[in-house]
Structures are given as C-alpha cells and as structure tokens.
Ligand code: RBF
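Residue numbers (the numbering used here): 229 to 389.
Structure representation (structure tokens):
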C-alpha cells in the first residue's frame, strides 16, 4: 500500500477534544519518531494536554484503546511497529491488532487513529516514522485522521431541531 494520495486535512475547533495516544515500545527508534509526530500534530491542533500511555507491544493496543474509549475520550491514536521475522507471528500479530482496533472504533463510536506500521524491514518502518530523512510521518497522520473524524462526529451528534 502506498502512502501517496494521503489528504491534507484541515481540522478546526478541536482544542477542547480529549485525545489519548497509546504507543507500543518495540522498535524504539521508530516508535520515538511516531510518538514525536503524534505529539507535534496535537500541538499544531491546539490539543496541548493529550494523554500518552505506553504499552509493551502492539498486541496490547486494542485492549487499552477499548478501555479508554469507555472513559470519555473523543479520539484515540494507536501507534505501533511490527516488523516481519522468519515465523508466521507477523501475520497473526498484525491481523489481531488491526481487527482489534477496528472493532474498538466501530463498536464504541470513538475514532481510533491507525498508526500501526506493518513492515518487511526496519528501513521501511524508519521511512514512515517521521524521522529525519523519512518520506512519511504516520504518527502525525494518524492524529489528524482521528481528530478530524471526532470533529465530524461531533457535528452530527447535536439533536435535530
Ligand atoms: N510487538 C510489536 O509491537 N512489534 C513487533 O515487531 C513484535 N514482534 C513480536 C514477535 C514475536 C515472535 C512475539 C511473540 C511478540 C512480538 N511482539 C511485537 C510483542 C507483542 O506485541 C506483545 O507485546 C507480546 O506478545 C506480549 O503480549
């Protein structure tokens, strides 16, 4: 899947939204880039006091996302990196996390920004992590997507008159 074609999102009136970022800890350099990108995006949007929670690995992202979704957050951003090894674990972890995050989002109505990199090599992950020399900044993108969706949902949640 190519990162080409990503929209330039303009997000307004979101300073009061409660946003949580959940970040796994495997692949430290890549994760540092994703977390920095996410916090930079939140700062640009005027959301200066987000919750940042760390979990051991990507597998733990969905359960924490689900609990936070039930605690009044308007948007959640899940960040992780899974890099293919020599065993089928890669497919199981990627599929479990992806399905889990999608399920949380759809079941709770709280947008979950998908910042999970699933890469064949560490180089591919670094290139998407918003680090110096990276071509993409997926932590930053995931924040804009989740917050933009939360703003959209708020705009249709008012009662009809
Ligand atoms: N977690 C990640 O976030 N990224 C990985 O690349 C990753 N690779 C793993 C490979 C194997 C073989 C196993 C067993 C776990 C891996 N995990 C990885 C950790 C996983 O997300 C979770 O934290 C642990 O399995 C404990 O529940």
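Built from N, CA and C at the ideal position, the CB exists for glycine as well.
These figures come from a predicted structure and were not determined experimentally.
Near the ligand COA: residue i beta-carbon under 7 Å from a heavy atom
i	result
residue 315	Inclusion of the ligand COA in the displayed structure is not the case, the ligand content consisting of the ligand RBF alone.
Residue interval of the beta strand (DSSP E) (run including residue i)
i	result
residue 347	340-347
residue 306	303-311
residue 269	Where residue 269 is concerned, there is no enclosing beta strand (DSSP E), although the alpha helix (DSSP H) it sits in stretches over 256-272.
residue 281	279-282
Element boundaries [alpha helix (DSSP H), containing residue i]
i	result
residue 326	317-336
residue 380	366-383
residue 252	That residue, residue 252, is in no alpha helix (DSSP H); it is neither H nor E in DSSP.
residue 294	289-297
Opposing strand residues paired with residue i [DSSP bridges]
i	result
residue 357	365
Buried or exposed (CB count within 10 angstroms, at least 16 for buried), residue i
i	result
residue 249	buried
residue 351	exposed
residue 385	exposed
residue 369	buried
residue 372	buried
residue 229	exposed
Between the CA atoms of residue j and residue i - distance to the nearest angstrom
i	j	result
residue 357	residue 251	13 Å
residue 231	residue 364	7 Å
residue 273	residue 295	24 Å
residue 374	residue 244	14 Å
residue 253	residue 377	26 Å
residue 354	residue 383	36 Å
Considering only heavy atoms of the ligand RBF, list every residue whose Cβ is less than 5 Å from one of them, following chain order.
252, 254, 284, 285, 286, 287, 308, 310, 311 and 317
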